[in-house]
Amino acid sequence: NISGLVAAMQKRVVRSMYTIPAAVSEITDADAKRYTILRLALADPWVGMLITANPSTLLQLTEFANLEAEHLIRDIHNGGISDVDLPATISSAFRRRLRPDARRAGQLQQIMERHGNLQPRRCWPLLQALGVWCGGSAAAYIPKLKQVFEGITIRDHGLHASEGRMTLPLEDESRAGLLEIQTHFFEFMPVTEAESDRPEVLEAHELQEGAEYFILLTTSSGLYRYNIRDVVRCTGFYGTTPFLEFRHKGAHISSITGEKLAESQVVEAVNAAAQASGMKLKLFTLTPQWGQPPGYVLFLWCDHDDHESSGTDLSRFAGMVDEQLAAANEEYRDKRQSGRIGPVCARKLSPDLWNSFTQSRQDRSGGSPEQYKHPCLLPDPEFRGLIGEREARSGEQEVMAKRPEFNQFD
1450 NISGLVAAMQ
1460 KRVVRSMYTI
1470 PAAVSEITDA
1480 DAKRYTILRL
1490 ALADPWVGML
1500 ITANPSTLLQ
1510 LTEFANLEAE
1520 HLIRDIHNGG
1530 ISDVDLPATI
1540 SSAFRRRLRP
1550 DARRAGQLQQ
1560 IMERHGNLQP
1570 RRCWPLLQAL
1580 GVWCGGSAAA
1590 YIPKLKQVFE
1600 GITIRDHGLH
1610 ASEGRMTLPL
1620 EDESRAGLLE
1630 IQTHFFEFMP
1640 VTEAESDRPE
1650 VLEAHELQEG
1660 AEYFILLTTS
1670 SGLYRYNIRD
1680 VVRCTGFYGT
1690 TPFLEFRHKG
1700 AHISSITGEK
1710 LAESQVVEAV
1720 NAAAQASGMK
1730 LKLFTLTPQW
1740 GQPPGYVLFL
1750 WCDHDDHESS
1760 GTDLSRFAGM
1770 VDEQLAAANE
1780 EYRDKRQSGR
1790 IGPVCARKLS
1800 PDLWNSFTQS
1810 RQDRSGGSPE
1820 QYKHPCLLPD
1830 PEFRGLIGER
1840 EARSGEQEVM
1850 AKRPEFNQFD
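Each number in the numbering used here comes from the position in the sequence shown (counting from 1) with 1449 added on.
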């Protein structure tokens, strides 16, 4: 992937400051890679910044660190890396970093004894910043990330891909970045014009604050008016240069009866409902379900603290999400009021089912776990059938809560 290539191509003086060598990206087994990353990172008290694409990667690493804390501390004390079978071509790249360090192991053991887990801020007292995606579906992980990495500044990467860099973030805790006008030529197509035979095309200074657009990219490498299928929102201007916030890929839109529900709207609705209700979520996915009338079902992976959530709690939460979606999307609101779309249903799934679903999507995409983007909105209703088949095999019982039908929003 482009992130690994950029890391490997850096000059030696830059690579010498990496706690995690580029060779670690070649480890194919997910658990072996996590263990190796943590073995190297926890041994280094000088970590000042953590950078990865997906914020969920950092949350997975913190959970894995506490599960494997005893083994990790032992390996740091004794040296080497046990219980992980690494090819010699990979392990040789960082063998010198695996020396015994009884003092560091003692520090980590004290953190465990005093606080019950390997808290990132205590393991790395010099940690100043996290560099992760903050927009799109990744926004769903930011509240949990702020909780786990309390007090640590979070900075978005900006919008960039193999085709080129599109925005440059200028502020902490912001999803928006300034359009990179010195790198490529940018044009924009309003989302509302996407299905038009002759869509309006705008230049950067012609954008309207609050409106959403597809980016059309023309680059020196040969791309001409290339539609990268990224939807961005204009959040303001610096002079005549717009600030843009990534919303979602163009494919992540669901429309049962013309409501054109976007993944970014789903993320914001669920996050708002979770904050208002106190519901703690690890993952969620909204997907259509057919019926009379059709509607949406929200699949949830609740945090361990919320495993006792009752059907009433889920019904209330589903209602809150429903209201948030209606507030964000006028077409959804109209179709709910007219009865053409039914109320949102909420349904909890077991961790095993979520893990199985995630693994199957990763296998199909062929990408690395670090590149995986969890879908918070899946327009394909077959997702529901896929989950149902796995439940039948596992003996999982369905748990569903539905908010009563209503025709008016407050």
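Each residue gets a CB set at the ideal place from its N, CA and C atoms; glycine is no exception.
Relative to the Cα of K1731, the nearest Cα in the group L1665, C1794, K1593, Q1559 belongs to K1593. Separation of A1471 and S1704 (C-alpha to C-alpha, rounded to the nearest whole angstrom) is 42 angstroms. Note on the region 1766-1831: whole alpha helix (DSSP H) runs with a minimum of 4 residues are 1779-1786, 1800-1814, in chain order. Note: K1698 is bridge-paired with D1679 in the DSSP secondary-structure output.
Exclusion of the five residues before and after T1667 leaves H1633, F1634, F1635, E1636, Y1673, R1674, Y1675 as the residues of its chain whose Cβ lies within less than 8 angstroms of its Cβ. According to DSSP, Q1738 shares a beta bridge with G1744.
Within a 10 Å sphere around the beta-carbon of L1567 sit 16 or more other beta-carbons, which makes this residue buried.
In the structure shown, K1482 falls within a helical segment according to DSSP collapsed to helix, strand and coil.
With a beta-carbon spacing of about 38 angstroms, R1614 and T1706 fall beyond the 8 angstroms limit used to define contacts. Between V1680 and E1661, the beta carbon gap of about 6 angstroms places them in contact (Cβ cut-off 8 angstroms). Boundaries of the beta strand (DSSP E) around A1625: 1625-1628. Going by DSSP, R1464 is part of the alpha helix (DSSP H) stretching over 1461-1464.
Around L1547, the same chain offers G1528, G1529, I1530 as residues with beta carbons nearer than 7 angstroms, after the five sequence neighbours per side are excluded. As the crow flies, the alpha-carbon of L1826 is around 14 angstroms from that of G1584. In this structure, I1539 keeps its C-beta atom at 7 angstroms or more from the C-beta atom of A1492. Secondary structure note for R1545: it is in no alpha helix (DSSP H), with a DSSP letter that is neither H nor E. Put simply, of V1462, C1794, E1652, S1611 the residue whose alpha carbon is nearest the alpha carbon of Q1738 is C1794. Taken atom to atom, the span from the alpha-carbon of I1603 to that of T1734 is near 24 angstroms. A direct Cα-to-Cα measurement between T1641 and A1777 gives close to 16 angstroms. Taking C-beta atoms under 8 angstroms as the contact rule, A1481 and V1533 qualify, at a distance of about 5 angstroms.
At the C-beta level, L1798 and F1748 come within 7 angstroms of one another.
For S1531, DSSP assigns no beta-bridge partner whatsoever. Annotation for P1504: V1581, A1587, Y1590, L1594 place their beta carbon closer than 6 angstroms to its own, counting only its chain and skipping 5 residues before and after. Straight-line spacing of the CA atoms in H1823 and W1803 works out to 11 angstroms. Excluding its 5 nearest sequence neighbours in each direction, E1779 has no C-beta neighbour in its own chain below 8 angstroms. Going by C-alpha positions, G1791 is about 34 angstroms away from L1508. Partner residues in the beta bridge of G1580, as assigned by DSSP, are I1500, R1604. Cβ contact annotation for E1708 (same chain, cutoff 7 angstroms, sequence separation greater than five): N1778, E1780, Y1781, K1784, I1790, in chain order.
Going by C-alpha positions, E1599 is about 42 angstroms away from S1669. In this structure E1772 is buried. Its beta-carbon is surrounded by 16 or more other beta-carbon atoms within 10 angstroms. Taking 8 angstroms as the upper bound for CB-CB distance, F1543 and L1489 are in contact here, some 6 angstroms apart. Secondary-structure assignment with DSSP links F1598 through no beta bridge to anything.
For E1661, the enclosing beta strand (DSSP E) covers residues 1661-1667.
Looking at the DSSP output, F1635 bridges to L1666. A Cβ-Cβ distance of about 11 angstroms is found for the pair I1601 and L1575, leaving them out of contact under the 8 angstroms criterion. CA-CA distance, Y1687 to H1701, rounds to 29 angstroms.
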